[in-house]
Amino acid sequence: MKMSKMFVQTLREFPSDAEVVSHKMLARAGYIRKLTSGVYNYMPLMWRVLKKVEKIVREEMDKAGAQELLMPFVQPKELWEESGRWEVYGKELMRLRDRHDREMCLGPTHEEVITSIARDVIKSYKQMPVNLYQIQSKFRDEVRPRYGLLRGREFIMKDAYSFDTSEEGLDKEYQNMAEAYKRIFDRCGLDTKMVQSDSGAIGGSVSHEFMVITDTDAGENDVFYCNNCDYSANSNHAVSNLPEAVVDGKAYFAETKIVDTPKTHSIEELSEFLNIPSTLILKSLVYIVDKKPVIALIRADRAVEETKLMNAAGGNDIRIASSAEIAELMAEKGFNAEPGFIGPKGMEDITIIADETVKEMKNFVVGINETDKHLVGANLGKDIPHIEHFADIRLVERGDFCPQCGKPLFVTKGIEVGNIFKLGTKYSKPMNAVYLDENGKTHPYIMGCYGIGISRTAAAAVEAHHDEHGIKWPLSIAPYHVVIVPVNIKDELQMQIATKMYDELLKAGVEVVLDDRDERAGVKFKDADLIGFPYRITAGKTVNEGFVEYKIRETGEIEKVTPQDAVKHIIEAVANIK
Ligand code: ATP
Ligand code: MG
């Protein structure tokens, strides 16, 4: 490819809405162009990268025994009603109507469609196990599309679905996919951690995410991990052992009584006023889960993990209640306490969920829905309403200990590039997707599903590989392997040597760009760094002595070599791509 002909427009500045490196650089280097919020054009350079990621994914999925198909992007409402998700999927599901007023949606994922295919085709146990996958654009009307390709509304995904007759079969395929994923991300030049995660709207019982660990803002997930054993989990699923804490207040409160606690709206104010550690306060928080209030009770030094609370409440949507909603709830129950003084008392008819650690608390402090008052020396069972529902709703924090081995947990940020789920019969059962066993008995299929964000993976590679000058693509997914830069295109010898190397590399199957633009060398070098070619060969003044400059983008290393050696190095490097 001649640079003068390449359909690319680099920008002088980063786009103003770009917050993270991959968005900034991909936009500035001309890889992507925004069409509308969360929807991007993949320009020729980007498309080459995406096709390479897809190729790696295809090769590894095929090698793992999966078969590729392609399902429609538009899906009928009826299928989603069968699975029960039409109601629960929420606003991320982009719904539309056709000319006959039939309701449809743009596929955010394809469990329903694949299950309907299987139901028609897989009639006997003899047809399993089978794993089917596709690579396709998905649409999710994300609340906050941001970070360019990392969280788009339209994005490219590889989604795979496995069908088995037994849990053991599913376990085996799950392991098989985990190994394939490891190879895929390795080949894309990405170091990933496989972490336990919440199963979310897709459902099922067990799931893991593949995280690219990053210290940039792009890491939307907190990952807790242990250095001593293999424990690692997304914060929405992580559990921990707690450090020692004072959880019995008998040294502070001789009796159970209501005390004045004026103006103690915050936990800090309350613990300071009563001169007690916050571990002796039972905090009551009001959430709205699927439009209904839920009260979460938790030791006041700890925070609630909203996904865990939502799951415990059996909901699909959660947010903290606004002060207006809290006031409304108070009024409804005949109280008028300000936030800070809320408690479970008198709230018996709404869902109350307490964190498991609350069981250990004794002689504690709790709000009683009266402003400027608290109950001290309170105990479960006698002083507050009976709690039926205990669950782990706690956010793990730095300083907590590993639930497996007891050593300290560490936390880091991660970008989720892939996700594997054991679905079991979550879709096959409601959709009545069954097969006949050896004895002619029907059973629902045991399913798994396995996703990889193709476009997110490419963007994550930029997050993982860049410097202040631009992208440093891993060779395996770079749009081109090498750029040849003649410093002065009017210099005959420089041009002749550059063109000769270009022809030889092309002939050897190397993806090479010749920067034949009539631009200053500085401009060409800047563009080369920004676009992120893994190698650069410069034909400058030294060609007169028989040398060119060979630069490795990743390390910045520069060597003076003969044109023959430069060509040889590149051909070897390309031949060694995994
Ligand atoms: P997230 O928690 O980041 O929203 P998810 O759990 O909703 O992800 P899945 O439904 O498991 O994601 O989708 C499979 C893969 O698709 C993810 O691992 C991710 O790589 C990719 N993906 C999901 N949502 C987006 C998006 N909005 N933009 C780009 N890629 C996405
Ligand atoms: Mg999502």
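Numbering-wise, our numbering puts 2066 at position 574 of the sequence shown, and it's gapless, one number per residue. Heads up, the beta-carbon is just placed ideally off N, CA and C, and yes, glycines get one too. Here the structure is a predicted model, which means the values were calculated and not measured.
Ordered along the chain, which non-local residues of its own chain (more than five positions away) have a Cβ less than 6 Å from that of residue i?
| i | result |
| --- | --- |
| D2021 | H1961, G1962 |
| A1737 | T1771 |
| G2024 | G1962, I1963, K1964, W1965 |
| I1768 | Y1744 |
| V1698 | K1914 |
| N2068 | none |
| N1828 | M1822 |
| V1541 | A1950, I1969, P1971 |
Excluding five sequence neighbours on each side, which residues of the same chain lie with their C-beta closer than 7 Å to the C-beta of residue i?
| i | result |
| --- | --- |
| K1526 | Y1532 |
| I1938 | D1656, T1657, S1658, E1659, G1661, L1662, G1916, T1917 |
| M1759 | Position check: residue 1759 holds Ile in this sequence, whereas Met was assumed. The residues are S1770, I1773, K1775, A1792. |
| T1502 | R1520, A1521, G1522, D2019, L2022 |
| T1607 | Y1919, S1920, M1923, A1925 |
Between the beta-carbon of residue i and the beta-carbon of residue j, is there less than 9 Å?
| i | j | result |
| --- | --- | --- |
| E1955 | A1710 | yes |
| I1907 | A1952 | yes |
| M1993 | V2040 | yes |
| K2016 | V1979 | yes |
| G2086 | L1662 | For the chain, the structure presents residues 1493 to 2070; residue 2086 sits outside this window and is missing. |
| V1974 | R2009 | no |
| I1842 | P1831 | no |
| G1644 | S1968 | no |
| D1683 | I1705 | yes |
| G1943 | A1652 | yes |
| V1715 | K1933 | no |
| A1804 | I1845 | yes |
| Y1625 | K1664 | no |
| G1530 | E1646 | yes |
| E1552 | R1675 | yes |
| H1958 | S1514 | yes |
| S1654 | Y1666 | yes |
| I1876 | G1835 | yes |
| K1825 | M1802 | no |
Does ligand 2 have even one heavy atom less than 8 Å from the beta-carbon of residue i?
| i | result |
| --- | --- |
| R2009 | no |
| R1636 | no |
| R1577 | no |
| E1797 | no |
| R1886 | no |
| R1811 | no |
| R1611 | no |
| R1632 | yes |
| E1646 | no |
| E2041 | no |
| E1574 | no |
| E1852 | no |
Ligand 1 heavy atoms versus the CB of residue i: any closer than 8 Å?
| i | result |
| --- | --- |
| M1947 | Per the sequence shown, residue 1947 should be read as Ser rather than Met. Yes, the Cβ of S1947 comes within 8 Å of a heavy atom of ligand 1. |
| E1546 | no |
| D1651 | yes |
| L1642 | yes |
| E1712 | yes |
| F1565 | no |
| I1524 | no |
| E1701 | yes |
| I1944 | yes |
| E1736 | no |
| N1911 | yes |
| T1455 | The question about residue 1455 has no answer here: the residues shown for the chain are numbered 1493 through 2070. |
| E1908 | yes |
Give me, in chain order, the residues of the same chain whose beta-carbon lies closer than 8 Å to that of residue i; leave out the 5 immediate sequence neighbours on both sides.
| i | result |
| --- | --- |
| M1599 | For clarity, residue 1599 is Gly in the given sequence; the question names Met instead. Closer than 8 Å at the Cβ level, and outside the excluded window around G1599, lie M1563, P1564, F1565, V1566, Q1567, V1605, Q1628, K1630, F1631. |
Kindly say whether residue i, judged by its beta-carbon, lies nearer than 9 Å to any beta-carbon of chain B.
| i | result |
| --- | --- |
| E1595 | The structure shown contains no chain B; it is built from a single protein chain. |
Ranges of the beta strand (DSSP E) found wholly within the segment 1728–1799, counting only runs of at least 3 | 1749–1752, 1773–1781, 1784–1791
Validate contact between the segment 1633–1645 and the segment 1578–1592 using beta carbons, cut 8 Å, 3 pairs = yes
Does the pairing of the segment 1742–1758 with the segment 1778–1793 give three or more beta-carbon distances under 8 Å?
-> no
Evaluate contact between the segment 1984–2000 and the segment 1559–1575, counting only Cβ atoms and requiring at least three cross-stretch pairs below 8 Å.
-> no
Between the segment 1788–1802 and the segment 1859–1867, do three or more beta carbon pairs fall short of 8 Å?
-> no
Tell me the start and end of each unbroken alpha helix (DSSP H) in the segment 1886–1969 that is at least 4 residues and wholly inside, in chain order.
-> 1946–1956
At least 3 beta-carbon pairs within less than 8 Å: the segment 1721–1738 vs the segment 1881–1892 = yes
Jot down the residue ranges of each uninterrupted alpha helix (DSSP H) in the segment 1535–1588, minimum 4 residues, whole runs only, in chain order.
-> 1536–1555, 1569–1575, 1577–1580
Where are the alpha helix (DSSP H) runs, 4 residues long or more, that stay fully inside the segment 1812–1862, in chain order?
-> 1815–1824
May I have a chain-ordered list of the beta strand (DSSP E) segments no shorter than 3 residues that lie completely inside the segment 1956–2043?
-> 1974–1978, 2004–2006, 2027–2031
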